[in-house]
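Visitor: Numbered by the working numbering, the letters in the sequence shown go through residues 3 to 147 in order. All C-beta atoms in this analysis are idealised placements derived from N, C-alpha and C, irrespective of residue type, glycine included. Can you read through this structure? Questions will come right after.
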Amino acid sequence: MESQITVDIRLKSEMKAADMPLERTLLHTKGLLNIKDDVYYLRYQEEVEGVGSAHHTIKIKGDEALILRRGPVALRQPLKLGESLEGTYKSPVGNMQTVTHMNKCLVNWQGSKKSGYFVLGYQLSMQGQAIGQFTLTFKLREAKQ
């Protein structure tokens, strides 16, 4: 079974680096949620100050996820609960290798209410250097027409 829903997205992004205070950003936008069998695809666009438009796709299936970002700063980051996986980060400055170790993957979508949330938590390293712990919380609700 497949469904496609326009959703309001409230994304809370948290990053905790060693010896640094917690950084938190909030994004409110609209996007498209596709559900096919037990696979969730969330697509949305974000305007990044000084960089331009970024197109995001988040794919979640069970204990695996994939974060894709297209635009001037691109990212391809596969995630699997309890495993370390390699990805890529591309910017005008150059390409960098990333490694993530996913420690949280939650999906709570209530089809009858057309609302729910996704939570992805992972430790990120770039070019072999630890960056910090990231937690992305997506609160979703069917958009009003």
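T59: which of G52, A67, V53 sits nearest, CA to CA?
Guide: Out of G52, A67, V53, A67 has the C-alpha closest to the C-alpha of T59.
Visitor: With DSSP run on the structure shown, which of helix, strand or coil describes G123?
Guide: In this structure, G123 counts as strand in the three-state DSSP scheme.
Visitor: Is T102 buried or exposed, if buried means 16 or more other CB atoms sit within 10 Å of its CB?
Guide: When all chains shown are included, T102 counts as buried.
Visitor: Check whether the segment 19-26 and the segment 115-124 touch, using three or more Cβ-Cβ pairs below 8 Å as the test.
Guide: In short, these stretches do not touch, since the Cβ pair count stays below three.
Visitor: Since L122 contacts L138 with CB under 8 Å, what's their CB separation in whole angstroms?
Guide: Contact holds; Cβ gap of about 5 Å.
Visitor: Return the chain-ordered ranges of every beta strand (DSSP E) run that is complete within the segment 64-88 and spans a minimum of 3 residues.
Guide: Those beta strand (DSSP E) runs which fall completely within the segment 64-88 and span 3+ residues are 66-72, 76-82.
Visitor: Considering only residues of the segment 17-42, which uninterrupted alpha helix (DSSP H) runs meet the minimum length of 4 residues and lie entirely inside it, listed in chain order?
Guide: Qualifying alpha helix (DSSP H) stretches: none in this window.
Visitor: Which residue from Q6, T27, I7 puts its Cα closest to that of K14?
Guide: Of the candidates Q6, T27, I7, the one whose C-alpha sits nearest the C-alpha of K14 is T27.
Visitor: In three-state terms, what does DSSP make of K146?
Guide: In the structure shown, K146 sits in coil (DSSP, three-state: anything other than H, G, I, E or B).
Visitor: Use the C-beta contact count for Q79: other C-beta atoms within 10 angstroms, 16 or more gives buried, fewer gives exposed.
Guide: That one is buried.
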